[in-house]
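Student:
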Amino acid sequence: MTGATILQVALGGALGATGRYLSGVAATSLLGRNFPWGTIFVNIAGSFLMGVLIIILARKGGTHFAPFFQIGVLGGFTTFSSFSLDAITLYERGQADLAMIYVLASVMLSLSAVAAGLWAARALIQ
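Numbers given in our numbering equal positions in the sequence shown, counted from 1, plus 5.
1. The alpha helix (DSSP H) spanning I59 covers which residue range?
2. Which residues in the same chain have their Cβ closer than 7 Å to the Cβ of G3, if we skip the five residues on either side of it in sequence?
3. Would you say I76 faces chain D, with C-beta separation under 9 Å as the test?
4. Is the number of C-beta pairs between the segment 87–100 and the segment 52–60 that are closer than 8 Å three or more?
5. Start and end of the alpha helix (DSSP H) containing L129?
6. Let's see if you can read the secondary structure: which residues bound the alpha helix (DSSP H) around R25?
7. Excluding the five sequence neighbours on either side, which residues of its own chain have a C-beta within less than 7 Å of the C-beta of V108, listed in chain order?
8. Restricting to Cα atoms, I'd like to know which of I60, G51, L62, D102 is closest to L84.
9. Answer yes if the segment 69–77 comes into contact with the segment 97–108, meaning at least three C-beta pairs across the two stretches below 8 Å, and no otherwise.
10. Tell me the rounded alpha-carbon separation between T23 and G37.
11. Could you tell me whether the Cβ atoms of G67 and G18 are closer together than 9 Å?
In structure tokens form, the structure reads like this:
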């Protein structure tokens, strides 16, 4: 990893995080706060864009831009896109069982970790 790669990730992350914030603001103003519209939008859009981006970068010889776009922009926009790509990659490698374990473990353990973090913080900070 070089300093240039780190700079690509940092700059892309700033753009992606800004896009995530603005998407959330727009979704809330258009659709209200009764459902996490902004989050579901960025997760779906980011996953779609990750799929498109992988093919474009591979076919056009642009893989050297992957740290900027994949990890930076889309990682800042939504880490769900990386999760989705990892799961599909396992499946396409013929490891459907491992892909399912990865998906279930990621979702269940992440939800459990948030619940544990909420519990711990509420117990410690009053």
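Glycine included, C-beta positions come from ideal geometry on N, C-alpha and C. Only a predicted model underlies this, so the values are computations on that prediction, with no experimental measurement involved.
Tutor: In terms of the structure at hand:
1. As a working note, residue 59 is residue 54 in the sequence shown. Run containing I59: 42–64, per the alpha helix (DSSP H) assignment.
2. Residue 3 is absent from the structure shown; the chain starts at 6 and stops at 131.
3. Of the protein chains in the structure, only one exists, and it is not chain D.
4. yes
5. For this step, residue 129 is matched to residue 124 along the sequence shown. Counting along the chain, the alpha helix (DSSP H) containing L129 begins and ends at 101–129.
6. Taking the sequence shown and counting its residues from 1, the one referred to as residue 25 is at position 20. From DSSP, the alpha helix (DSSP H) with R25 extends over 8–36.
7. Start at 1 with the first residue of the sequence shown, and residue 108 comes out as number 103. Cβ neighbours of V108 beyond the five flanking positions: A92.
8. For the purposes of this step, residue 84 is taken as the residue at position 79 of the sequence shown. Here residue 84 turns out to be Thr, not Leu, going by the sequence shown. Ranking the options by Cα distance to T84, first place goes to G51.
9. no
10. Walking along the sequence shown from the start, residue 23 turns up at place 18. Walking along the sequence shown from the start, residue 37 turns up at place 32. Taking the straight line joining both Cα atoms gives about 20 Å.
11. Numbered from its first residue, the sequence shown carries residue 67 at position 62. Numbered from its first residue, the sequence shown carries residue 18 at position 13. No, these two residues do not count as a Cβ contact at 9 Å.
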